[in-house]
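K.L.:
Numbering (the UniProt record's numbering), first residue to last: 1 to 623. Each residue gets a CB set at the ideal place from its N, CA and C atoms; glycine is no exception. This is the structure I want to talk about, given as structure tokens.
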């Protein structure tokens with residue numbers, strides 16, 4: 001088992017696959033950025049290099065369609081590279097048998113089969129540096145999200161209870177009549193007109209309010225204008241704040257007119273798609289750095305012994321070379337190891353009873369659970385708290401972000417994406433820990449081959465590309481995670497609004513840009529996150545299948561369960577089917593005689609073995 005077979009190690013295939021997939025993502029990202037940069041050359045630049053640039057302007061339907069496609073594409077690519085990076089980070093902190101033995105001599109243990117901060121303190125400088133690079137280059141991937149710039153926006157006031165509006169001077173009646181004759185227009189009812197009063201309007205040059213009795217005093221040829229620049233604080237939209245006083249002051253000397261219906265003057269749409277060259281450069285650099293780190297991670301075997309990636313790797317190693325530091329502790333779980341490993345070994349008698357099968361939740365530490373629940377529940381509660389009172393609005397705009405640089409605004413708008421990524425790591429860590437415990441416990445219920453990263457040729461050992469999380473869990477949660485990222489990108493985004501004048505020219509004095517929230521996508525994202533936590537909690541209440549002491553990822557507890565009987569062939573024990581249970585004979589370390597030269601009294605022992613076993617008794621003591 002210690003010697004590699006003729007076949008290329010499976011783990012290296014997995015890491016190389018991750019590196020190659022990340023290379024494809026790098027090329028796709030670079031292609032998307034190059035295409036966006038080429039398209040942006042058709043439009044005039046609007047600021048310095050750090051500003052967002054327009055790479056499409058035209059139909060709002062086309063803009064919306066491409067916005068959705070690009071968001072899904074970017075979220076898919078980001079999720080894939082995040083999963084690949086997580087895989088490689090886990091392999092980099094996997095300890096070797098020599099590193100485990102060195103820690104066991106000091107009565108310390110390492111994590112097997114899960115991402116571990118503990119292991120970072122013992123791995124080499126080379127592995128630690130690569131792990132840190134992969135971690136730091138994960139941050140920018142959800143920051144490159146296309147920002148839709150909606151232009152052609154008009155805002156109309158909500159009418160009072162008397163269905164009246166106010167007015168000042170405006171273009172002449174003849175000019176207005178000519179404009180109506182030249183433009184494509186549509187007559188709508190008063191109730192339909194109200195729908196345009198709260199939200200940005202695209203494809204509409206102006207809204208003309210019509211009434212049956214409209215007169216000016218004194219007489220004039222001026223048209224009675226629609227007040228497109230005023231939005232009351234009573235409106236169903238929150239894109240402007242503190243407008244009540246402005247509204248009152250502006251209309252204090254105006255006349256009132258009763259409105260019966262409206263006339264929409266239609267025009268070309270000017271919706272835009274924008275991107276940030278600065279963020280794109282950061283993404284390109286991060287992706288290329290991550291790819292290089294992954295390829296370097298796949299080459300660590302040249303200067304490193306075989307790591308123990310999975311529980312099967314650890315069990316196989318400890319069965320072939322039992323660890324003397326854990327002799328007589330077959331009853332020890334991770335809890336007992338942490339509570340007094342050295343004290344237990346120095347006790348006059350180490351015989352102890354086994355405990356009943358535990359639940360899945362015991363596979364993860366309390367700190368991992370607290371971290372995951374805090375990261376999952378707190379942001380979810382904040383989302384609900386922010387958007388529930390505003391469900392009657394399509395979006396909420398935060399004008400205190402108005403005026404900041406567009407790149408900074410896009411980064412702020414996408415900070416929730418970073419929080420989701422961190423939550424994913426925490427969630428993945430808890431799920432990994434539980435599945436490690438499930439796999440380990442299953443050997444006490446059935447006889448089966450070990451799942452190792454380097455199966456010996458012509459043996460019954462199983463190989464795999466995944467380290468701990470089976471595909472039925474990993475792929476499902478990756479898809480759910482991608483959906484959450486997309487929903488959050490639709491619920492919190494940077495928006496650039498440019499109003500157009502009645503003569504179809506941009507109005508630079510009323511341009512608005514800021515961070516907007518859409519309640520519905522955020523509520524859906526919160527529901528899905530809650531569903532994921534619900535699944536995790538429901539899984540945690542499932543019971544493990546056997547009485548095997550819960551080792552979790554603790555190397556010492558795994559080692560304590562791997563002291564096979566004396567008649568076991570240590571060279572072949574890990575090659576076939578193995579199980580855990582009460583052995584019918586003593587382990588290798590047990591002596592037939594006591595210190596007085598008499599036959600030693602023997603109570604019982606449990607271990608992984610390929611020989612016959614019995615199901616342990618909870619009322620019997622074992623060592």
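Please state whether DSSP places residue 573 in a helix, a strand or coil.
P.N.:
DSSP places residue 573 in coil when its eight states are reduced to three.
K.L.:
Are the CB atoms of residue 188 and residue 265 nearer to each other than 8 Å?
P.N.:
Taking 8 Å as the Cβ cut-off, residue 188 and residue 265 do not qualify as a contacting pair.
K.L.:
Excluding the 5 residues flanking residue 570 on each side, which residues of the same chain have their C-beta closer than 6 Å to its C-beta?
P.N.:
Correct list, in chain order: 320.
K.L.:
With a cut-off of 8 Å on the beta carbons, I'd call residue 474 and residue 427 a contact; round off their distance for me.
P.N.:
Actually they do not touch by this definition, with Cβ atoms about 12 Å apart.
K.L.:
Which residues share a DSSP beta bridge with residue 261?
P.N.:
BP columns for residue 261 point to 189 and 210.
K.L.:
Please say whether residue 359 and residue 542 have beta carbons closer to each other than 8 Å?
P.N.:
It is a contact, given that the beta carbons lie within the stated cut-off.
K.L.:
Between the alpha carbons of residue 131 and residue 26, how many angstroms are there, rounded?
P.N.:
In a straight line, the C-alpha of residue 131 is about 19 Å away from that of residue 26.
K.L.:
If we ignore side chains and look at the alpha-carbon of each, how far apart do residue 453 and residue 306 end up?
P.N.:
Computed Cα separation, rounded: 10 Å.
K.L.:
Looking at the strands, I want to know which residues DSSP matches up with residue 481.
P.N.:
In the DSSP output, where bridge partners are listed per residue, residue 481 has none listed.
K.L.:
Where residue 123 and residue 95 are concerned, what is the direct C-alpha to C-alpha distance, given to the nearest angstrom?
P.N.:
Whole-angstrom Cα-Cα distance: 7 Å.
K.L.:
Rounded to the nearest angstrom, what separates residue 110 and residue 576 at their Cα positions?
P.N.:
Each residue's alpha carbon lies about 26 Å from the other.
K.L.:
If we count the other Cβ atoms within 10 Å of its Cβ and call it buried at 16 or more, is residue 608 buried or exposed?
P.N.:
Buried, because 16 or more other Cβ atoms sit within 10 Å of the Cβ of residue 608.
K.L.:
Can you tell me which of 409, 31, 125 and 561 puts its alpha carbon nearest to the alpha carbon of residue 276?
P.N.:
When each option's Cα is compared against that of residue 276, the closest is 409.
K.L.:
Of all the options 115, 106 and 101, which has the alpha carbon lying nearest to the alpha carbon of residue 90?
P.N.:
Of the candidates 115, 106 and 101, the one whose C-alpha sits nearest the C-alpha of residue 90 is 115.
K.L.:
Considering only residues of the same chain and omitting the five flanking positions on each side of residue 75, which have a CB-CB separation below 6 Å?
P.N.:
Once the five neighbours on either side are set aside, the close Cβ partners of residue 75 are 482, 485 and 486.
K.L.:
State the CB to CB distance for the pair residue 133 and residue 289, rounded to an integer number of angstroms; the pair is presumed to be in contact (CB under 8 Å).
P.N.:
6 Å between Cβ atoms; contact.
K.L.:
Rounded to whole angstroms, what's the CA-CA distance from residue 420 to residue 480? Just pull it up for me.
P.N.:
Distance between the alpha carbons of residue 420 and residue 480: 12 Å.
K.L.:
Below 8 Å on the Cβ atoms is my guess for residue 559 versus residue 104; work out the distance and round it to an integer in Å.
P.N.:
Correct: roughly 7 Å between the Cβ atoms.
K.L.:
Assuming residue 193 and residue 207 form a contact by the criterion Cβ under 8 Å, report the distance between their Cβ atoms to the nearest whole angstrom.
P.N.:
Contact flag correct, Cβ pair sits at about 7 Å.
K.L.:
DSSP three-state call for residue 545: helix, strand or coil?
P.N.:
Coil, per DSSP.
K.L.:
Please list the terminal residues of the continuous alpha helix (DSSP H) segment that includes residue 424.
P.N.:
Looking at the DSSP string, the run of the alpha helix (DSSP H) that includes residue 424 is 415-442.
K.L.:
Residue 19 and residue 318: beta carbons closer than 8 Å?
P.N.:
In this structure, residue 318 does not lie closer than 8 Å to residue 19 by Cβ.
K.L.:
Note the first and the last residue of the continuous alpha helix (DSSP H) segment covering residue 295.
P.N.:
Where residue 295 is concerned, the enclosing alpha helix (DSSP H) stretches over 277-297.
K.L.:
Leaving out five residues on either side along the sequence, give the residues of the same chain with a beta carbon under 8 Å from the beta carbon of residue 490.
P.N.:
71, 518 and 521.
K.L.:
What does the Cβ neighbour count give for residue 138, buried or exposed, with the cut at 16 atoms within 10 Å?
P.N.:
With 16 or more other Cβ atoms within 10 Å, it is buried.
K.L.:
My output table needs one value for residue 521: the three-state DSSP class, helix, strand or coil.
P.N.:
The answer is helix: DSSP assigns residue 521 an H, G or I state.
K.L.:
Please classify residue 415 as buried or exposed, where buried requires at least 16 neighbouring CB atoms within 10 angstroms.
P.N.:
With fewer than 16 other Cβ atoms within 10 Å, it is exposed.
K.L.:
In whole angstroms, what separates the C-alpha of residue 136 from that of residue 618?
P.N.:
Their backbone Cα atoms lie some 48 Å apart in a straight line.
K.L.:
Would you say residue 588 and residue 563 are within 8 Å of each other, going by their C-beta atoms?
P.N.:
Contact: yes.
K.L.:
Give me the DSSP bridge partner(s) of residue 582.
P.N.:
In DSSP, residue 582 forms a bridge with 606 and 614.
K.L.:
Quick check on the burial criterion: 16 or more other C-beta atoms within 10 angstroms. Buried or exposed for residue 312?
P.N.:
Answer is buried; the Cβ neighbour count reaches 16.
K.L.:
Check whether the Cβ atoms of residue 566 and residue 582 sit closer than 8 Å, and answer yes or no.
P.N.:
Cβ distance not < 8 Å, so residue 566 and residue 582 don't count as in contact.
K.L.:
Identify whether residue 93 lies in helix, strand or coil by the three-state DSSP scheme.
P.N.:
Looking at residue 93 - three-state DSSP - the assignment turns out to be coil, as it is neither helix nor strand.
K.L.:
Evaluate residue 440 with the Cβ neighbour count: other Cβ atoms within 10 Å of its Cβ, from every protein chain shown; 16 or more gives buried, anything less gives exposed.
P.N.:
It counts as buried.
K.L.:
For residue 539, which option in 336, 262, 432 and 80 has the closest C-alpha, if you only look at C-alpha atoms?
P.N.:
Measuring from the Cα of residue 539, the nearest candidate turns out to be 432.
K.L.:
Please confirm whether residue 444 and residue 545 have their CB atoms less than 8 Å apart.
P.N.:
Their beta carbons are under 8 Å apart, which means residue 444 touches residue 545 by this criterion.
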